[in-house]
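Visitor:
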Amino acid sequence: MGLRIVAGTANPVLAGAVATALRTEAVTPELERFPDGELHPVVDHLRGDDVYVIQPTGPPVSDHLMELFLLLDACRRSGADRITAVLPYFGYARQDRRGRVGEAVGARVVADALAGSGAQRLVVVDPHTAALEAMCGIPVEMLTAVPALAGAAAPMAAEGAVIVAPDLGAVKLAEHYASLVRRPVAVVRKTRVTGATVHAEDIAGDVAGRPAIIVDDMISTGATIEAAAGVVLAHGGAPGIVVAATHGLLVGAAASRLARLPVRCVLTTDSLARDQSPVPALQVESVAPLLAEAIGRLHHNQPLGDLLVRG
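Residue numbers (my numbering): 1292 to 1602.
(1) Are proline 1569 and alanine 1544 closer than 8 Å when you measure CB to CB?
(2) Between Asp1364, Asp1403 and Pro1347, which has its C-alpha nearest tyrosine 1380's C-alpha?
(3) Would you mind working out which of Gly1393, Leu1413, Arg1385 and His1467 sits nearest valine 1344, comparing C-alpha positions?
(4) Alpha carbons only, please: which of Arg1565, Val1400 and Leu1294 is nearest the one belonging to leucine 1337?
(5) Do the CB positions of valine 1415 and methionine 1426 come within less than 8 Å of each other?
(6) At which residue ranges does the region 1432-1516 contain complete beta strand (DSSP E) runs of 3 or more residues, listed in the order of the chain?
(7) Can you tell me whether isoleucine 1345 is helix, strand or coil according to DSSP?
(8) Report, in whole angstroms, the separation of the C-beta atoms of valine 1318 and valine 1304, which I expect to be a contact under 8 Å.
(9) Please classify histidine 1331 as buried or exposed, where buried requires at least 16 neighbouring CB atoms within 10 angstroms.
(10) Excluding the five sequence neighbours on either side, which residues of its own chain have a C-beta within less than 8 Å of the C-beta of alanine 1365, listed in chain order?
(11) Pop quiz: alanine 1535 and aspartate 1508 are said to be a contact at Cβ under 8 Å. What is the actual Cβ separation, rounded to whole angstroms?
(12) I need the boundaries of the beta strand (DSSP E) containing leucine 1573, first residue and last residue.
(13) If we count the other Cβ atoms within 10 Å of its Cβ and call it buried at 16 or more, is arginine 1474 buried or exposed?
(14) So for cysteine 1427, helix, strand or coil by DSSP?
(15) Note down the Cα distance separating isoleucine 1516 from arginine 1385, rounded to an integer number of angstroms.
(16) Please name the residue in Gly1513, Val1523, Ala1456 and Ala1525 whose C-alpha comes closest to that of alanine 1550.
(17) Count the CB pairs spanning the region 1391-1403 and the region 1552-1566 that are closer than 8 Å, and state whether there are at least three.
(18) Excluding the five sequence neighbours on either side, which residues of its own chain have a C-beta within less than 7 Å of the C-beta of alanine 1443, listed in chain order?
(19) Between which two residues does the alpha helix (DSSP H) carrying valine 1352 extend?
(20) Give me the Cα-Cα distance between leucine 1361 and threonine 1420, rounded to the nearest whole angstrom.
(21) Helix, strand or coil for leucine 1599, going by three-state DSSP, please let me know.
(22) Taking C-alpha atoms, which residue in Val1377, Asp1417, Pro1418 and Ile1429 lies nearest to histidine 1402?
(23) Ignore the nearest five residues each way along the sequence and tell me which others in valine 1462's own chain have a CB closer than 8 Å to its CB.
(24) Using the C-alpha atoms, what's the distance from alanine 1499 back to arginine 1367?
(25) Which whole-angstrom value is the C-beta distance of aspartate 1306 and isoleucine 1296, which I expect to be below 8 Å?
(26) What is the residue span of the alpha helix (DSSP H) that valine 1392 lies within?
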């Protein structure tokens, strides 16, 4: 069973890097867009192959999702023997529960649609919720880029530095970073007001006089990072904050928010494609080696244990 990497349009550079690491060439589908906006993908010559479709579902999320669904179906109809959807960033993962009556659970809808389109397995990197696995009717492999980001942050983790979780949901993530760079953890108490506005009130842990490394799974509008940094500084934290997050969506006012902060470095990965970013001091670590290692092991039916998100 041959190994094939199929590249969606959301991040073809990443897909190409993964294919190169695996000593193969990425398959670039024929992709026609009709005048009314409909997509028409064609993927040929996959009969009997072990296929990995790489397509992060970042902005524009719905467009990239629809393309992914059609690519998966095209691979199935091309005769692929095994099909894995590789989503370095899983859009809609934040919609993992209902907040009120009549609200959709977007993560579950996407999970069902992936399986219905032909995916037999899902690979994601640092998803927003560990509950994603329970929502999916197909096996889910949740990889983590934390070791790579922690390695990049380690030289900046000066003596006395503290790892800061910007909310309670990021505590396990902060503890993972802390175990790798051997630094203590502090936790910010946050209340989300809207999708782009948060209010942070207090912090548990000693940050006075210490440089902070604020960690999260993603930076979207930058509101959470801004609020957390404000609390750290208000409690005497040292300037020169380091921010580390696997997924740098960096939408809306993110660039201006980060530019206003005393940030030394913003660490993220290439899970999402981007043009030249206006975010100051941005440092990008590639997840291509991580994805290539995982895909190689899956292709040869080997365990992924040390590559997975901690439970």
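By construction, the Cβ of each residue, glycine as well, lies at the ideal position given by its N, Cα and C atoms. Values in this document were obtained by computation on a predicted structure and should not be read as measured data.
Guide: Concretely, from the data shown:
(1) no
(2) Pro1347
(3) Leu1413
(4) Leu1294
(5) no
(6) 1453-1456, 1476-1485, 1488-1495 and 1503-1510
(7) strand
(8) Contact flag wrong, Cβ pair sits at about 15 Å.
(9) exposed
(10) Pro1320, Pro1332, Val1333 and Val1334
(11) Alanine 1535 to aspartate 1508, Cβ: 10 Å. No contact.
(12) 1573-1576
(13) buried
(14) coil
(15) 17 Å
(16) Gly1513
(17) no
(18) Leu1558, Gln1574 and Glu1576
(19) 1352-1368
(20) 25 Å
(21) strand
(22) The sequence shown places alanine at residue 1402, rather than the histidine named in the question. Nearest option by C-alpha distance: Ile1429.
(23) Ala1456, Val1476 and Val1478
(24) 57 Å
(25) Note on identity: in this sequence residue 1306 is alanine, with aspartate being the wrong assignment. Between isoleucine 1296 and alanine 1306 the Cβ distance is about 6 Å, and since that is below 8 Å, they are a contact.
(26) Here valine 1392 belongs to no alpha helix (DSSP H), and DSSP marks it neither H nor E.
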